[in-house]
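S.K.: If you want my numbering, it's the position in the sequence shown, counting the first as 1, plus 6. We put the beta carbon where it would ideally sit given N, CA and C, even for glycine. Here it is, the structure, as structure tokens.
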Amino acid sequence: GVSRTLGYRWYETSGKLDLTETDISYRTRQLIIPPFTLQTVGGANDLNEYNFTVEVFVADEPNKASYASIAVFVARSEVLVKTAQGDRTVTRGSIYVLDAR
């Protein structure tokens, strides 16, 4: 009979992330990237582009494959702080020292 089992292999093709050197499962149907894995660059308006490609193949015949690609853009985001307790009022633009340990 015809095999219906598919295999998957993900690649990051811009050279910024080698999935084989991470704990990320790159041979699964979905690529799940943990938080803080993809890095930002530059300032608030700069984007860092990562390009991912998935290879989908018949498990019994890995030479028969199809490919799909996607670009992921990573940008810096604002830091929002919510304090659980306290009676200080901090106005916008003021310096607020936060101990994040």
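1) In the DSSP assignment, what residue or residues form a beta bridge with residue 53?
2) By DSSP, does residue 12 sit in helix, in strand, or in coil?
3) Are the stretch 41-52 and the stretch 60-77 in contact at 8 angstroms, needing three or more beta carbon pairs?
4) Rounded to the nearest angstrom, what separates residue 35 and residue 14 at their Cα positions?
5) Just grab the DSSP bridge partners of residue 63 for me.
6) Look at the Cβ atom of residue 23, then the Cβ atom of residue 73, and state whether they are nearer than 8 angstroms.
7) Would you list the one or two residues that DSSP bridges to residue 27?
8) Ordered along the chain, which non-local residues of its own chain (more than five positions away) have a Cβ less than 7 angstroms from that of residue 97?
9) What's the gap between the Cα of residue 103 and the Cα of residue 83?
10) Let me make sure I understand the geometry here. Which of 18, 26 and 38 has the alpha-carbon closest to that of residue 75?
M.R.: Quick answer:
1) 81
2) In this structure, residue 12 counts as strand in the three-state DSSP scheme.
3) The stretch 41-52 makes no contact with the stretch 60-77: fewer than 3 CB pairs, one atom from each, lie closer than 8 angstroms.
4) 6 angstroms
5) 13 and 71
6) no
7) DSSP lists no partner for residue 27.
8) none
9) 19 angstroms
10) 18
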